[in-house]
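Colleague: Quick one: this structure, given as structure tokens, is what I'll be asking you about.
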Amino acid sequence: MVGDRCAGLVATVDSMPPKAGCRRCMVHFLRNVLSKVPPTHREWASAALKAVFAMESRESALDKAGTVAAEMEARRLTAAANRLREGIGGTTTCLLPGFPDGRRRRIRTNDMIERLNREIGRRTRVVESFPDGNGALMLVRARIRYAAANEWSNRRYCVLSSCYRPVWREFSFRKSGRF
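Position 178 (the sequence shown) corresponds to 246 in this note's numbering; numbering is contiguous.
Okay, here's the thing in structure tokens:
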């Protein structure tokens, strides 16, 4: 699961299938680190942080992050360096060997959900006032249903079959009498 370290989302990971993990969205992490950087150093810090995520392996990314954090401290950006050191471990899990190189771009952020949230916000801002809470909820449900049926039904965002062995094949439903 990719998220922005929301406490509710992190707590739900335990109820997910085995080997499910929670990792931090790269874009949210970059924004949090850059919020501790003054505007005079922001261009350098942004380029340095993007270089961390351009590494091929997690070990090299962690080494590069240590170098960037040391450079931040040399530039008296201790708050940004501390934020980088405390969050880089959970953000670089997409660089682990189990994930194929072609899928890393898709699993390092939660762009698809963010896009849907922006679309819902755009639709609800047009309506000046809803008669009740159910009206707003019906509009949101209709937008999600439309996106799932039309925009997402024919397009695969990320095919994870190369990352894991599907669990459903381990169960024999015909023998158990369920189906």
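Glycine residues also receive a C-beta, built at the ideal position from the N, C-alpha and C atoms.
Since the structure is predicted, the reported quantities are computational estimates derived from the model, not experimental observations.
Given this structure, state the Cα-to-Cα distance separating G158 from V194, to the nearest angstrom.
Modeller: 38 Å
Colleague: Which residue's Cα is closest to the Cα of V107: A122, R213 and L145?
Modeller: Position check: residue 107 holds Pro in this sequence, whereas Val was assumed. Nearest C-alpha to P107: L145.
Colleague: Are T192 and A204 close, meaning C-beta to C-beta below 8 Å?
Modeller: yes
Colleague: Just the Cα atoms here: how many angstroms apart are D200 and L207?
Modeller: 12 Å
Colleague: With 16 as the cutoff for other CB atoms within 10 Å, does T160 come out buried or exposed?
Modeller: buried
Colleague: Answer yes or no: do V136 and A116 have a C-beta to C-beta separation smaller than 8 Å?
Modeller: yes
Colleague: Which whole-angstrom value is the C-beta distance of K104 and R151, which I expect to be below 8 Å?
Modeller: 5 Å
Colleague: Ordered along the chain, which non-local residues of its own chain (more than five positions away) have a Cβ less than 7 Å from that of R143?
Modeller: H109
Colleague: Pop quiz: V120 and A138 are said to be a contact at Cβ under 8 Å. What is the actual Cβ separation, rounded to whole angstroms?
Modeller: About 13 Å separates the beta carbon of V120 from that of A138, a gap too long to meet the 8 Å contact definition.
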